[in-house]
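Q:
4 protein chains.
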Amino acid sequence: MVKQGRPRAEVLDTAILDAATELVIADGYVSTSIDAIARRAGTTRQAVYRRHPSLPHILIAALSRRFGLDPAADTGSLRGDLVAVQHNQIEFFADPLVMRSLPGLLDEAARDAELGSQLFAAFVTPRRRSTARALERAVQRGDIPDGYDTEWICDLLTGPLLMRALMPTGPIDENLAQLTVNAALDVLTATSD
Amino acid sequence: MVKQGRPRAEVLDTAILDAATELVIADGYVSTSIDAIARRAGTTRQAVYRRHPSLPHILIAALSRRFGLDPAADTGSLRGDLVAVQHNQIEFFADPLVMRSLPGLLDEAARDAELGSQLFAAFVTPRRRSTARALERAVQRGDIPDGYDTEWICDLLTGPLLMRALMPTGPIDENLAQLTVNAALDVLTATSD
Amino acid sequence: MVKQGRPRAEVLDTAILDAATELVIADGYVSTSIDAIARRAGTTRQAVYRRHPSLPHILIAALSRRFGLDPAADTGSLRGDLVAVQHNQIEFFADPLVMRSLPGLLDEAARDAELGSQLFAAFVTPRRRSTARALERAVQRGDIPDGYDTEWICDLLTGPLLMRALMPTGPIDENLAQLTVNAALDVLTATSD
Amino acid sequence: MVKQGRPRAEVLDTAILDAATELVIADGYVSTSIDAIARRAGTTRQAVYRRHPSLPHILIAALSRRFGLDPAADTGSLRGDLVAVQHNQIEFFADPLVMRSLPGLLDEAARDAELGSQLFAAFVTPRRRSTARALERAVQRGDIPDGYDTEWICDLLTGPLLMRALMPTGPIDENLAQLTVNAALDVLTATSD
DNA sequence: TAATAACCGAGACGGTACGTCCTGTCTTGCT
DNA sequence: AGCAAGACAGGACGTACCGTCTCGGTTATTA
């Protein structure tokens, strides 16, 4: 079963994702219609539906194009590893497309479990796995004791970024990366119980 | 020149908010239409528009009905104060109406600054102010040194809750309240710089 | 149950029928879309659908507007009565709207029995009844013998008109009225069996 | 320089006409799409378009396959000749494909003169010529006087058949053949003027 | 107690978008 | 050159909401 028929125009592939990106950034998720995307891409609704089943799928594709797979660097120290992860996350959450499409995508994900897990698998899981591996390496080195709650550490690292992506409580910058990493290290090394 | 004419039917006031609440919880924000709300409330679109200018305004009204102003208790200890704040926040973020309407409201707020600040003033600012006051009292008591970043502490406390409200990374429960308060205290008392 | 709500704009009632009439005459039945009718009427598809469930129904309404109920005159003689009927029929079949919409309507009627009987009842039955009554009067006067086949006489009178409405075999004019009436009289008074 | 390349698959020639015939009989003219025909014929639109420029052309081809050229028998008597013509016409108008496709074809013919004359030449003219020749022979035999209107006689013979093919006013059967031939003979031999 | 002003239900209005279907044309690889 | 497969621009389908509007009818207050 090789590929048959007229091949899809790659120009349209990118034109559609470009149009969606621009419109969502300009108007927000709920104001963006498939119709407008097709119009701006200089094509028809049909060509869009041929490629993507719905608006959230278009945006997932557009986001995937921007944010490839996580590099998951090993810098040798826990702090270095976590800072690397946070730089990656900051690049993600500070992106205008992410900021504008995230609420809509989350709304959609809450209804459509299929789409939710797809979204989760594409953008959340890889970053969490990087963090988990960095922690494991730190335990093996003896830098931190075992027995921490990985999920909680991940939420601690990501939560504030999500917060600032969705609400204007503060900038998403280098300083925030340092603050979150410090907080995580404080928690991991604290004697409090 | 007070108010003339037939007064509004209070039954409709509540029927509309009830209908909106039920529909958003069941279908999510983007799938909820003013038409459906009016229908379910047993009235007409016009009666809805007479009370609220748009869907997000309806939801803000519905949320305001559920979540009154923050009590801002003074328990005597920083930990106690923060735990009180977090219990209040957990009640908020764990509410199904909040979980389902938050993405839509945030999307709308990103576009309409007016609405954004209204939303912010109603549900974010009071809780942040409670936290800020608790911190001030702790400084005055000498429990913590001065010079911390209030905004950052607030984001540290709220971020993980928001995270779990929007993504299925973990439960929003008593344990999370303790974890976030511990993290905040670790940060506030840490010697790391 | 009196009439409630905002009344329909009568301007649109006529604008829609006008638009449909013009378009069908210009482009034919199958090339006429509801969309184009709405556009030409200066309104929306919704307003059209609110009044008529489908294209054939629009055309039946447009035809009804042009061709009221049959006068069914009693001229005193069979020839006079039949000529009156045929003048009425000629006016009908020579009408451009009829010529252009008839094929489409018949096609639709062949599929949708409901619509078929509606069409039949509005435009065929009344004219056939006039003819039947004229024949009955002639029998009572003793002008023609009893025992003829009414349906056949009606088809004999109408068939050639329908033929010339749908195919360019000849004009639909006064002469055709005379020819068809003569033929019917020949048949009714013939001794052939 | 005759014909190059792969020859057309004759299987498709008939499969396409079969599919068109079945679909038009089942769904009527306007509901029949080229797409559906190709699908049912187990081929593609392109193969259809390669053979026929449009839906009406397909149907003309399908009709031509069923109804060859007129035999035009000479039975020796005018009545016999006309009855032969009418048997031929009855076979035509009683055919389900004819009954279902005729309205659509006529609609199309009213717009596209080219197609109209093609349709006319294929199915109307031959039958009318047979009738004309039968009449000429009768004149030469002295059975009827000269000076009749051939076109009118043809419409008189065909009109009622067309009527009953398109509307449910009566059966298209042997009796109708006799009635129409009698009517024509009555008219041709009548002294009325 | 009469006028007035706002509310209510019902439903029409011009718009925009939905997701699907079909049209006639066009590549592409294979026969 | 034919064929299966399938993409392309374009147009229409019938439906759903949007926010606004016009009706007839119903309360309350104010004059």
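The listed protein sequences derive, respectively, from chains F, P, L and R.
Residues in the first sequence are numbered consecutively from 1, following our numbering.
Residues in the second sequence are numbered consecutively from 1001, following our numbering.
Residues in the third sequence are numbered consecutively from 2001, following our numbering.
Residues in the fourth sequence are numbered consecutively from 3001, following our numbering.
We treat Cβ as the ideally placed atom computed from N, Cα and C, and that holds for glycine.
Whole angstroms are fine: how far does the CA of D2035/L sit from the CA of A38/F?
A: In the first sequence, the residue the question calls residue 38/F occupies position 38. In the third sequence, the residue the question calls residue 2035/L occupies position 35. So the alpha carbons of these two residues sit roughly 21 Å apart.
Q: L162/F CB to nearest chain P CB: under 8 Å?
A: As a first step, residue 162/F is located in the first sequence; it is residue number 162 there, counting from the start. Yes, because at least one Cβ of chain P sits closer than 8 Å to the Cβ of L162/F.
Q: Run through the segment 3115-3154 of chain R for me and flag every whole beta strand (DSSP E) of 3 or more residues, listed as ranges in chain order.
A: Segments of the beta strand (DSSP E) lying fully in the segment 3115-3154 of chain R: there are none.
Q: According to a CB-to-CB cut-off of less than 8 Å, which residues of the segment 2019-2033 of chain L neighbour chain R?
A: Going along the segment 2019-2033 of chain L in chain order, one finds D2027, G2028, Y2029, V2030 and S2031 with a Cβ nearer than 8 Å to chain R.
Q: For P1168/P, which option in D1186/P, F1093/P, R1008/P and H1052/P has the closest C-alpha, if you only look at C-alpha atoms?
A: Here residue 1168/P refers to the residue found at position 168 when the second sequence is read from its first residue. Checked all of D1186/P, F1093/P, R1008/P and H1052/P; the closest Cα to P1168/P is F1093/P.
Q: Grab the span of the alpha helix (DSSP H) containing V30/F for me, first residue to last.
A: Here residue 30/F is taken as the residue at index 30 of the first sequence, counted from 1. Premise fails: V30/F is in no alpha helix (DSSP H) and is neither H nor E.
Q: Using only alpha-carbon positions, find the residue among L1185/P, N1182/P and V1024/P that is nearest to M1099/P.
A: As a working mapping, residue 1099/P is identified with position 99 in the second sequence. That would be V1024/P, whose Cα lies nearest to the Cα of M1099/P.
Q: Kindly indicate if chain R contains any beta-carbon less than 8 Å away from that of T2150/L.
A: On the third sequence, position 150 is the one that residue 2150/L refers to. So, not an interface residue.
Q: Compare the C-alpha of I90/F against each of R164/F, A183/F and S130/F and name the closest.
A: What you label residue 90/F is simply residue 90 of the first sequence in a count that begins at 1. That would be R164/F, whose Cα lies nearest to the Cα of I90/F.
Q: Looking at chain P, is there any beta carbon in it that lies within less than 8 Å of the beta carbon of A134/F?
A: Taking the first sequence and counting its residues from 1, one reaches residue 134/F at position 134. No - not a single Cβ of chain P is within 8 Å of the one on A134/F.
Q: Would you mind stating whether T1150/P and L1135/P have Cβ atoms separated by less than 8 Å?
A: Residue mapping note: residue 1150/P aligns to position 150 of the second sequence, counting from 1. Residue mapping note: residue 1135/P aligns to position 135 of the second sequence, counting from 1. Yes, Cβ-Cβ distance for T1150/P and L1135/P is below 8 Å.
Q: Is the number of C-beta pairs between the segment 113-124 of chain F and the segment 45-65 of chain F that are closer than 8 Å three or more?
A: Because the criterion of three Cβ pairs below 8 Å is met, the segment 113-124 of chain F and the segment 45-65 of chain F touch.
Q: Measuring CA to CA, which of E1010/P, P1171/P and D1155/P is closest to A1183/P?
A: By one-based count along the second sequence, residue 1183/P stands at place 183. Of the listed residues, the one whose Cα sits closest to A1183/P is D1155/P.
Q: Use the C-beta contact count for D3173/R: other C-beta atoms within 10 angstroms, 16 or more gives buried, fewer gives exposed.
A: Mapped onto the fourth sequence, residue 3173/R falls at position 173. Flag for D3173/R reads exposed.
Q: Are there 16 or more other CB atoms within 10 angstroms of the CB of P2160/L, so buried, or fewer, so exposed?
A: In the third sequence, counting from the first residue as 1, residue 2160/L sits at position 160. Answer is buried; the Cβ neighbour count reaches 16.
Q: Quick one, which of P3126/R, L3188/R and T3021/R has its alpha-carbon nearest R3065/R's?
A: As a working note, residue 3065/R is residue 65 in the fourth sequence. Measuring from the Cα of R3065/R, the nearest candidate turns out to be T3021/R.
Q: Compute the beta-carbon to beta-carbon distance between D1081/P and A190/F, rounded to the nearest angstrom, for a pair I have assumed lies under 8 Å.
A: Position 81 of the second sequence, counted from the start, is the residue given in the question as residue 1081/P. Position 190 of the first sequence, counted from the start, is the residue given in the question as residue 190/F. Rounded, the Cβ-Cβ distance is 20 Å, inconsistent with contact.
Q: Check the C-beta distance from G2005/L over to D3107/R and give it rounded, since I have them as a contact under 8 Å.
A: One-based indexing of the third sequence puts residue 2005/L at position 5. One-based indexing of the fourth sequence puts residue 3107/R at position 107. Not a contact, Cβ separation roughly 38 Å.
Q: Excluding sequence positions up to five away, which residues of its chain have a Cβ less than 7 Å from the Cβ of P2007/L?
A: Mapped onto the third sequence, residue 2007/L falls at position 7. If we look at P2007/L and ignore the five residues flanking it on each side, it has no Cβ neighbours.
Q: Could I get the ranges of all uninterrupted alpha helix (DSSP H) runs contained in the segment 1040-1120 of chain P, with 4 residues as the minimum, in chain order?
A: DSSP runs (the alpha helix (DSSP H)) wholly in the segment 1040-1120 of chain P: 1045-1051, 1055-1066, 1078-1093, 1096-1111 and 1113-1119.
Q: Secondary structure at R1006/P, three-state DSSP: helix, strand or coil?
A: On the second sequence, residue 1006/P is found 6 positions in, with the first residue counted as 1. In the structure shown, R1006/P sits in coil (DSSP, three-state: anything other than H, G, I, E or B).
Q: Is the beta carbon of A2132/L sitting closer than 8 Å to the one on L2078/L?
A: Mapped onto the third sequence, residue 2132/L falls at position 132. Mapped onto the third sequence, residue 2078/L falls at position 78. Their beta carbons are not under 8 Å apart, which means A2132/L does not touch L2078/L by this criterion.
Q: Given a threshold of 16 other Cβ atoms within 10 Å of its Cβ, counted over all protein chains shown, does D2130/L qualify as buried or as exposed?
A: Locating residue 2130/L in the third sequence gives position 130, counting from the first residue. At residue 2130/L the sequence reads Ser, which differs from the Asp that was named. Counting Cβ neighbours within 10 Å, S2130/L comes out buried, since at least 16 surround it.
Q: Quick check on S3192/R: buried or exposed, where buried means 16 or more other Cβ atoms within 10 Å of its Cβ?
A: For this step, residue 3192/R is matched to residue 192 along the fourth sequence. Because the pLDDT of S3192/R is 49, which lies under 50, any placement of that residue in the model is unreliable, and the question is left without a value.
Q: Measuring only the C-alpha atoms, how far is T3125/R from D2112/L?
A: Numbered from 1 along the fourth sequence, position 125 holds the residue referred to as residue 3125/R. Numbered from 1 along the third sequence, position 112 holds the residue referred to as residue 2112/L. About 32 Å.
Q: For T2158/L, which residues in chain R fall below 7 Å Cβ to Cβ?
A: Residue numbering aside, residue 2158/L sits at position 158 when the third sequence is read from its first letter. The answer, in chain order, is M3163.
Q: Keeping to the same chain, check which residues put their C-beta closer than 7 Å to that of A1019/P; ignore five residues upstream and five downstream.
A: Looking up residue 1019/P in the second sequence gives position 19. Only I1037, R1040 and A1041 meet the Cβ criterion.
Q: Between Y29/F and the ligand ADP, is there a pair consisting of the residue's CB and a ligand heavy atom that are separated by less than 7 Å?
A: With respect to small molecules bound, the structure shown includes none, and the ligand ADP cannot be examined in it.
Q: Does the beta carbon of P3103/R come closer than 8 Å to any beta carbon on chain L?
A: Against the fourth sequence, residue 3103/R aligns to sequence position 103. It does: the Cβ of P3103/R has a partner Cβ on chain L nearer than 8 Å.
Q: Grouping DSSP H, G and I as helix and E and B as strand, with all else coil, what is A2190/L?
A: Looking up residue 2190/L in the third sequence gives position 190. Of the three classes helix, strand and coil, the one that applies to A2190/L here is coil, per DSSP.
Q: What does the alpha-carbon distance come out to for the pair I1144/P and R128/F?
A: As a working note, residue 1144/P is residue 144 in the second sequence. As a working note, residue 128/F is residue 128 in the first sequence. Cα-Cα distance, rounded: 32 Å.
Q: In whole angstroms, give me the CA-to-CA distance for N2175/L and G2068/L.
A: As a first step, residue 2175/L must be located in the third sequence, where it is residue number 175. As a first step, residue 2068/L must be located in the third sequence, where it is residue number 68. Near 24 Å, if we compare the C-alpha coordinates of G2068/L and N2175/L.
Q: Using 10 angstroms around the beta-carbon of S1033/P, count the other beta-carbons present and answer buried if the total reaches 16, otherwise exposed.
A: The residue you call residue 1033/P lines up with position 33 of the second sequence. Under this definition S1033/P is an exposed residue.
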